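Working notes, beginning with the structure itself.
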Amino acid sequence: MTALSFYEYTTQVQQKFIESISLYRTFTKDIEGFIFNYSKIKNDFYFGFSKENNIFIASPEKAFIDSLYLNYLGKYNLDLSSLNLEKIDKKSCEDILKRYPSKFKIYFKRHMP
0 MTALSFYEYT TQVQQKFIES ISLYRTFTKD IEGFIFNYSK IKNDFYFGFS
50 KENNIFIASP EKAFIDSLYL NYLGKYNLDL SSLNLEKIDK KSCEDILKRY
100 PSKFKIYFKR HMP
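Using numbering that gives the first Met the number 0, the first residue of the sequence shown is number 0, and each one after it goes up by one.
Encoded structure:
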């Protein structure tokens, strides 16, 4: 949601709460009142980000897919009603989804307009 908020794809603006993807483990860290939440994903799914203002951030489509994938796995509570899914580039999503399991692709299709 941090990236989706940055790109203004969601109405959920998270104050002092940063979400990231991790290759190593899922954990939460509080640093001077800022909460950093890391969710572990497989190496195969660790892609789709760029460096913006000295911060690595996922593309909007990759951020959405990461959030939806973690929701699919039961590891993340995603409020789809807070997202403007019309902004999501379906072609970019199709390219990203090529690396994901078939069952998740079905789940994805059920949640897109």
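Beta carbons are placed, not taken as given, at the ideal position from N, Cα and C, and that holds for glycine.
Everything numeric in this text was worked out from a predicted model, so none of it was measured.
For the beta strand (DSSP E) that residue i lies in, which residues bound it at each end?
i, result
"residue 39", "33-39"
What's the call for residue i, buried or exposed, on a 16-neighbour Cβ count within 10 Å?
i, result
"residue 65", "buried"
"residue 111", "exposed"
"residue 26", "exposed"
"residue 38", "buried"
"residue 84", "exposed"
"residue 32", "exposed"
"residue 107", "buried"
Does the beta-carbon distance from residue i to residue j come in below 8 angstroms?
i, j, result
"residue 16", "residue 36", "yes"
"residue 104", "residue 96", "yes"
"residue 98", "residue 44", "yes"
"residue 59", "residue 34", "no"
"residue 82", "residue 3", "yes"
By DSSP's criteria, residue i is part of a beta bridge. Which residues make up the other side?
i, result
"residue 82", "9"
"residue 30", "33"
"residue 18", "36"
Relative to the C-alpha of residue i, which residue among the options is closest?
i, options, result
"residue 23", "30, 31, 42 and 8", "42"
"residue 62", "31, 109, 19 and 12", "19"
"residue 80", "10, 52 and 97", "10"
"residue 73", "49, 92, 40 and 94", "40"
Output the boundary residues of the alpha helix (DSSP H) element that contains residue i.
i, result
"residue 88", "Counting along the chain, residue 88 falls outside any alpha helix (DSSP H), and DSSP gives it neither H nor E."
"residue 46", "Neither: residue 46 is in no alpha helix (DSSP H) and is coded neither H nor E."
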